[in-house]
Each structure stands twice: as C-alpha cells, then as structure tokens.
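In the numbering used here, the protein residues as written are 1 to 988.
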C-alpha cells in the first residue's frame, strides 16, 4: 500500500481532533454532575418545591463557575457551546413546527378590507388547503382568479391601498401584482423568523435550533432541555400584540343599560346554538372552560346573563364572571342580536377579558374598551422601543416599557384624555387586559415610559419583556406539530441506548476475534477508531445525536464489519490458491474494493434520501448512518491494512485469517441455488400474497405522523387496564381514542383525534386537563396537575411524552415518506444499471427490494394487533424500510459483483458460474447478516420501548433481505437475460 506515512498522519490527526472535540462533552458532563451533587446536598427532599429549588441551585452553581478555567484551554460556558448536541429524546424538551398564518399577512397587506371577493377567495383557500400540497398563497391566487370577474388584485380596496402605494398601483394587472405579494409574504415570514430567533435567544436554552421549512411559512423550533414546557409554548405562539386602549368610566350608565337590555333579549331566545353566533374565537373565552357555543340552552335560565355575574368589578372593568362561564358570556356578547342593543355612545365597544392573575383564579373581570368603527387601538405596540423586567413600587415583578418619540406623544395625549374623562388605560397583550390603571396626573404622562403590573412571576415578566423587545409576530403562529419529551424519559433513553450500544459492540468485537483470530483483533481496533471518528465528526458538524441516531451508530457497528469480512474472505481465497501472505493480502484488499464501494454507495444513497426527506430524529438516524459509512470505509480499507501489514512485516509472525474452529467453515460449498429458484418463487408468491391480502383487508396501524392527532405516553405507579381507560376516555373525547399498553404494564400510549383540526395552546391545555381529570383515580394521591403534565415531581409518573401532528402536516409527512421510498428505488436502479451495464441486474435488485418491503408490510399488518410492542406505521418505520432497502441492496450488490467477476472470466455456462459466485460469497453473506442480526437483537431487547417496532421491522428486513439476495434478486436477473447468454452462446 502506497503513502502509508500520509495515511498514518491523517489517521493520527483525525483521532486527535475527534478526542479534542469530544473533550468538551466530558467536561460539561463532569461539571454538571458536580452541580447536581451540590444542589442535592443543599436542599432537603422534604422541602416544598424541592425540584424547583434544586434546579435553581444547579443553575446558580453553573453560573458562578461558568468562566473558571478548565484544563487551561476552556471554561464551562465555552464547553457548553461545543459539546455534543443531544436531541429531545435524549435530553427532554420541546420540538414544534409553527405555521405562520399567510392568511393573516394577506389581510394585513389588504388593510383588513371588507371586499367580498377578496374574503371569499380567502375562505375558498382555507377549504382547498385542507387537501392540497400547494402553498396557501398560491391557493388564494387560484381562488381569486376563479371568482374575480372584473375585480383586480390592484383594486384600491385590496392591494392598491395606502400601505402598498409605493409598489402597487391600480393600473397594474394581476400578473404584475402577484410577484410583489409573494415578496411581501416572504419578507413577513422572514420577519417572523427573526422575531422568534430573538425570543428564543432570550429564553435561556442552550443549543436551540430554529429553521425555515422551504417557502411553506413553517418554522421548526427545537428547544432541547427546556423543562417549563408551558412557558416555552407561550413564548413561541404568542403574537405579542401589544395595544393601549381607553376604558369607559366606572359604572357607565349606557353600558349598564346595555347589559340589562341584553339579559332581557336573551330570555326570548330558546336556543342560541341554532343561530351559530361564533365563527371564530379570538379571546380568552375558552380558557379553562369546557363550555361550547353549541351547548348554550337558555330555556331553563331565568336571567341568562345576570345569573352568571359574580359581582361588580373593581377598577374600570364592568362585571366579574367565573372563568368557566367566559365562553358562554363571550358567545352572548358576539351575537348580532345583542350587539345591536348597544346604545349609540358605546356602539363600538370592544369587550376583552382580564388576564387571570393566578392559576388558582376562578373569577375574572370583563372590560369594555372605547373603540371606533375599524376596531383599531389608540396606540399599538410598535411604538415600544425597549422593555425590561423590573419591580414596581410594592416590590412586585412588573414590566417596564419605553416608547419612541411618536409613541411618547401619543401616550401623553391618551393619558391626558383619560385623566379628563376619569377613565382608565387598558394595557392589552394578545387580547387580554393585563392592567387598567387610572391617570391622576393632569396633562397626561410625558416621557413615554409606562409599566405593566399584575400578579406575575419573575419568569413571566422576563418572557413578556423578551417578546416585546423582539417585536410582535407579523401574523399568528399556530403550533401544527409538536413533540414534548420529559427529562426522566430522556435519561431512560440515554441509559437504554448506552446499554444496547455496549452490548452490541462487545458481541461484535468478540465475534470477530472468534471467527478471524488475530486478524479479528485488527478489525476490532479499526472498529473502535471508527466509533471515535463518528462521534468526533458529529460534534464537529454540530449535528444532533438522537435515539434513532444511536441506533444508526449501533447498526453501523454491525454493518462496518462487512468491509473487513469481505477483505478477509478474499484474502482466504487468495491463500487457498497458494499465494504468499504478502501477495494474498495485497490481492485480497484490491479484489474486495469494488464490492465494498458498490455496497456502501447503495446504502449511502438510501441514507441520503432518508436525510433529505426525513425530519427530526429520522434525520438524526440518517446523519449517523452516512457518517458511519464514510468512516467505516476509511478504517476498514486503510487502518486495517496498516495493522495487517505492520504485523506480517515482523520476523517469525504468522497471520491466519481464521481460527481452528472456523478454518474450514463454508469451504467447498456447492449449493445449486438456481435449481431451487422455482420453489423460492412459489414460497415468495405465497408470502407476498398473504401480506397483500392482509394489507387490503386489515390495513396498517397508522400513527399520528400519518393521520394527525395527539398521542400521550403516560406512566402510572401501578399496572393499569388499557381497555378500562379506553372506555372512559372515549366518553370524554368521543370515539376514535385508542389506548394500549406501551412497554411495561404500568405504561400506556393514548392516541386521540379529538379536535385534531383545532390549533392553539388552549386546546392542548383542555385535552391535558381532561386527561388529568379522567386518569386521576389511577394516579398516586396528591399528584398535582403540573406534575402530571411534566412527568412527575422528581418521579417518572404522568405524561412522559406527547406528540401532536396536524392533518396538513400529516399529509406532508406521508407524501415525503412515499417520495423517499420511490426515490431510493429509482436512484439505486439507475446506479446498478450504470455499474453493471445490464438492466436485468437492476430489475433483479429492485424486484428483491419490492419483495422485502411487501413482506415486512404484510407482517406488520398481520401481527400489528397481537405484538406486545408498538407496531404503528410512522416516520421511524419509514426509516426502517429505507434501511432494509439499503441493506438488501448492499447484500445483492456484493453478490452481483462476484457474479460479474466470475462470469467475465469464465462465461455464464447455464448458470454454473452464477452458482459458483453465490457459494463463494455465502460465508460473507451469512457472517455479515448474523452479526447485524445480533446487533439489532441487542437494540431490540435493551434499546427501549420507543425503538422496538423500528428494530422489529429491521430484523425482519435483514432476514428477508438475505434470503432475497440469494433466491430472488439473482434468479430474476438470470431468468430475464437472453437465453444465449444463459446457455453460453455468448459470454457477457
């Protein structure tokens, strides 16, 4: 081998850099363990809020030593930025996909026009978006074109308005306006992206990830390690729409008269649900309330409105109502019949609820704000130049704000009018009144400074100040997909992943020594270096390690021996021909190279497609697999060769590539594989036929990834009956809720399509509240709601993980999965055609892959309901299918490569030489397959519940793939060749 010195230098530097990169991870792990010990020793478990106090002490400890030098080249703060990124499933946290509302942006660009054609086009686009892959903007343009008649996008009451006057004029055609609107939409989404980035930077989570997903208006946000999930969700979805309004005076006579008239009018309505007054809910009406508008039955009420009043409100609110009744009251006040009762001097009044001061609050005030016909506030939040967390005069947490010059003038004018009119100033954030103080200073407040007070925690004031500084989102941002993993589940995943990793590695290392003797030791050294390089590259690329990623690394361990097996088997063949050790080793490495490259390229192509079409953890699996393929090639081809050459260069050293037990295994094999192909065709046809019948009649259990919905992994203290829980939850959520044991008997997985089409944190909170209420009798006494939704207060009980997928994004995931499978087959077909120059080889390989995929799907369909582990079809399953495709092709290509080599030397000879090629690769095929199977079984048994379905699919796929490369791929290729080639009439 040439350039040994250069390879040694490169391997040495590569290893040192990897160790250096990983050193930051070891440093942060050591320091954080010290912080945990310090905090644990400082707080007693019997203290109130033990977990919160311990976490606060850990944070304080890490902050105090953050800049202390460690080993002379780094400190904790720097090391934290450079450590190995761990994904949600290993660290806990939240992963959400936000959909920026293009509809809201269009409305804003059109200045909230009342144009009926414009609004009809928006409504039509809403409907079309539920079943179309096109962007909302293109659907709007299509809808507008279909109904516009003589109307134009450049009409004065659409886009040719004052706000867009510098780029749009009424003389423009629709085709000229459309690219301008596309640009404006993109600018708004970029603005939303930057606003969210600034908010996240101020949240305090290390290694956050935020990225746009194409031009769909979707933004992916990952916050690994985030523990306060509710706080993170509010931070991401809050629009930060800050407004300043003038209230009406206390006990305003016109408003009092209105409430009296409204109460009397409501008495005459038998059932308001028939009138459907609510089409859109934009207020706090649904907060903590199970009341819906279609259940409002007034027939049994004496005073429908007055009976709900809890008392006269203090400050400038009208009345107080129970939070549970806010949806009902809001429904009443939005009814057209009731709005028409407003006296002329308050006819444009805007009713807004007070923000509940605490979680325990049961009563909130209703404010009536002075508004105009357009419903615009006196001052908007865009005048705020700075915001900060501070304390008010009573030492309570508050938010201080400073305004720009224009805002200061408007503020002085507004506060002066409030003083003269004896009214208050309502500070409204995201349509909730946070405070409404009066103004006692004549002439108003100058300087443009103001303060938001209320019952806040310090974290709340920090978050509100953070979003105000970052600015408001240009449109609403709805969470259409989310995954929340509790920290206890993340730690369990690390433990199970590490265990499976060590067991699999130990098995592979011992097997290589058992089978190849001293040569196996050299392969093991190369394998250990390979693992070091994989982790080093992961850190260098700032990639994220996930649980499927660990599975990818463990699988790489099993598959990386394939190159060494190919090399060692070829060396043994050369030795059997009587060649000397040096010549046999040189020829063995050279002859194996073609098969190694072909096999790894085909596997790499499927991994690349998985990386391009996958998301989240699946992309992590593809990342580690791609890195593993590259590092495995380097270590097997170069490092193993260096070690072997070094050893045989010593005097008196002998190197046998086998042991006494394995020396004669698979030698002189003479199985006539082609003669058994008809039997194989019949067996495979029966298996595929049974699978297809099951797929047609029973189908597959599709997970929420593909059908949409919400799923919750819940753990209890004792074993529970899933059928009993399912019966109870179906009465709460309606039919379609599925409950099944997930791992141990005290753990279940709940999947429900309840309100899958409804977005918003309020719905998530509603479902969690209903789960807590319904499951309370199965929980330990005294477990609070907050502990239930976060997986328990220091104990893993409650919701350990939750996943939410909206129907639109579920369709996208399904389409991407289909494209990934078809794409991988097409790419590999073309690659094999290019390498082997005959379409029959490509056909044989693709036929074998289809055969393998159909059998795996059939087995999942047949056994999905009886297996004691999760058998849902989700993104992880698609990753397994694509890996099976890659592995099957890997095996098939090695076989085809040997067929091509032998046939080119000796001809086809009616299949005799094809059988010779199959027999000569049998040792490698079985060796690699068995090694990989053992590795997969180790992950299946020890790798955690979330990976079992994933591993089962791969185990079945490896077994079927090994069979198909011998009995399907090669026979199909052979049978489709022209007869003259198969009979020896012409040699290939």
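Ideal placement from N, C-alpha and C gives every residue a C-beta, glycine not left out.
Taking the C-alpha atoms as reference points, what is the distance between residue 347 and residue 339? Within the chain shown, numbered from 1, the residue matching residue 347 stands at position 347. Within the chain shown, numbered from 1, the residue matching residue 339 stands at position 339. Looking at the two C-alpha atoms, the distance is approximately 8 Å.
Using the beta-carbon count (16 or more within 10 Å), is residue 481 buried or exposed? The residue labelled residue 481 in the question sits at position 481 within the chain shown. Burial call: buried.
Determine the DSSP secondary structure at residue 583, reduced to helix, strand or coil. The count along the chain shown starts at 1 and reaches residue 583 at position 583. Note: residue 583 maps to helix in three-state DSSP.
Tell whether a beta-carbon distance below 7 Å holds between residue 989 and residue 380. Outside the shown range of the chain, which is 1 to 988, sits residue 989, and nothing can be said about it.
Only counting the same chain, and skipping five residues up and downstream in sequence, which positions put a Cβ closer than 6 Å to that of residue 401? Walking along the chain shown from the start, residue 401 turns up at place 401. Closer than 6 Å at Cβ, skipping near neighbours: 384, 387 and 450.
Would residue 590 pass as a contact of residue 894 if the rule is Cβ separation under 7 Å? One-based indexing of the chain shown puts residue 590 at position 590. One-based indexing of the chain shown puts residue 894 at position 894. No; because the gap between Cβ atoms is not below 7 Å, this pair is not in contact.
Between the Cα of residue 777 and those of 741, 857, 719 and 506, spot the shortest distance and give me the residue it belongs to. Looking up residue 777 in the chain shown gives position 777. Nearest option by C-alpha distance: 719.
Residue 374 versus residue 710 - alpha carbon distance: Locating residue 374 in the chain shown gives position 374, where the first residue counts as 1. Locating residue 710 in the chain shown gives position 710, where the first residue counts as 1. Each residue's Cα considered, the two are about 38 Å apart.
Entirely enclosed alpha helix (DSSP H) segments - the stretch 747-778, minimum 4 residues: 761-775
In this structure, does DSSP put residue 224 in helix, strand or coil? Taking the first residue of the chain shown as 1, we reach residue 224 at position 224. Looking at residue 224 - three-state DSSP - the assignment turns out to be strand.
Whole angstroms are fine: how far does the CA of residue 943 sit from the CA of residue 185? In the chain shown, counting from the first residue as 1, residue 185 sits at position 185. In the chain shown, counting from the first residue as 1, residue 943 sits at position 943. For residue 185 and residue 943, the distance between alpha carbons rounds to 45 Å.
Mind checking residue 274: buried by the 16 CB within 10 Å criterion, or exposed? In the chain shown, the residue the question calls residue 274 occupies position 274. Reliability fails at residue 274, whose pLDDT of 40 lies under 50, so the model's placement of it is uncertain and no value is given.
Nearest CA to the CA of residue 845: which residue from 966, 59 and 148? Translated into positions along the chain shown, residue 845 becomes position 845. Out of 966, 59 and 148, 966 has the C-alpha closest to the C-alpha of residue 845.
Does the contact criterion of 3 or more C-beta pairs under 8 Å hold for the stretch 726-733 versus the stretch 854-868? no
For residue 73, is the classification buried or exposed, using 16 other Cβ atoms within 10 angstroms of its Cβ as the cut-off for buried? As a first step, residue 73 must be located in the chain shown, where it is residue number 73. Exposed, since its Cβ has fewer than 16 Cβ neighbours within 10 Å.
Residue 343 and residue 262 look like a contact to me (Cβ under 8 Å); what is the Cβ gap, rounded to whole Å? On the chain shown, position 343 is the one that residue 343 refers to. On the chain shown, position 262 is the one that residue 262 refers to. With a Cβ gap of about 12 Å, residue 343 and residue 262 do not count as contacting.
Taking its Cβ as the centre, do 16 or more other Cβ atoms sit within 10 Å of residue 548, making it buried, or is it exposed? Stepping through the chain shown from its first residue, residue 548 is reached at position 548. The Cβ neighbour count for residue 548, taken over all protein chains shown within 10 Å, is at least 16; the residue is labelled buried.
Contiguous alpha helix (DSSP H) assignments of at least 4 residues, all confined to the stretch 622-707: 640-648, 677-697 and 704-707
CB contact flag (residue 888, residue 961, <7 Å): Numbered from its first residue, the chain shown carries residue 888 at position 888. Numbered from its first residue, the chain shown carries residue 961 at position 961. Yes, they are a contact pair.
Residue from 531, 658 and 161 with nearest C-alpha to residue 505: One-based indexing of the chain shown puts residue 505 at position 505. It is 531 whose Cα lies nearest to the Cα of residue 505.
Which residue or residues does DSSP assign as beta-bridge partners of residue 218? In the chain shown, counting from the first residue as 1, residue 218 sits at position 218. Note: residue 218 sits in a beta bridge opposite 99 and 213.
Quick check on residue 249: does DSSP put it in helix, strand or coil? If you number the chain shown from 1, residue 249 lands on position 249. The three-state reading of DSSP puts residue 249 in coil, since its state is none of H, G, I, E or B.
Beta-carbon proximity list for residue 414, same chain, < 8 Å, skipping 5 on both sides: Reading the chain shown from its first residue, position 414 is the one you call residue 414. Closer than 8 Å at Cβ, skipping near neighbours: 244, 246, 378, 379, 425 and 444.
Alpha carbon to alpha carbon, how far is residue 826 from residue 606? Counted from its first residue, the chain shown places residue 826 at position 826. Counted from its first residue, the chain shown places residue 606 at position 606. Each residue's Cα considered, the two are about 10 Å apart.
Best match in 114, 906 and 739 for proximity to residue 872 [C-alpha to C-alpha]: Taking the chain shown and counting its residues from 1, one reaches residue 872 at position 872. The candidate whose alpha carbon is nearest that of residue 872 is 739.
Can you round the beta-carbon distance between residue 399 and residue 452 to whole angstroms, since I take them to be within the 8 Å contact cut? Here residue 399 corresponds to residue number 399 of the chain shown, with the count starting at 1. Here residue 452 corresponds to residue number 452 of the chain shown, with the count starting at 1. That pair is a contact at about 4 Å.
For residue 60 and residue 21, I'd like the C-alpha separation in whole angstroms. Walking along the chain shown from the start, residue 60 turns up at place 60. Walking along the chain shown from the start, residue 21 turns up at place 21. Approximately 26 Å, taken between the alpha carbons.
Three CB pairs or more closer than 8 Å across the stretch 647-667 and the stretch 932-943: no
On the three-state DSSP scale, how would you describe residue 611? Position 611 of the chain shown holds residue 611. Helix, per DSSP.
List the DSSP bridge partners of residue 397. The residue you call residue 397 lines up with position 397 of the chain shown. Bridge partners of residue 397: 391.
Just mark residue 908 as buried or exposed, buried being the case when its beta carbon has 16 or more other beta carbons within 10 Å. Locating residue 908 in the chain shown gives position 908, counting from the first residue. The residue is buried, with at least 16 neighbouring Cβ atoms inside 10 Å.
Bridge partner(s) assigned by DSSP for residue 425: Start at 1 with the first residue of the chain shown, and residue 425 comes out as number 425. Beta-bridge pairing links residue 425 to 246.
Would residue 973 be called buried (16 or more neighbouring beta carbons within 10 Å of its own) or exposed? In the chain shown, residue 973 corresponds to position 973, counting from 1. Buried.
Measure the C-alpha to C-alpha separation of residue 172 and residue 154 and round it to an integer number of angstroms. Within the chain shown, the letter at position 172 stands for residue 172. Within the chain shown, the letter at position 154 stands for residue 154. Straight through space, the alpha carbons of residue 154 and residue 172 are spaced by roughly 6 Å.
Per DSSP, what kind of secondary structure is residue 302 in: helix, strand or coil? If you number the chain shown from 1, residue 302 lands on position 302. In the structure shown, residue 302 sits in coil (DSSP, three-state: anything other than H, G, I, E or B).
What separation, rounded to the nearest whole angstrom, lies between the Cα atoms of residue 189 and residue 234? Within the chain shown, the letter at position 189 stands for residue 189. Within the chain shown, the letter at position 234 stands for residue 234. The straight-line gap from Cα to Cα measures roughly 19 Å.
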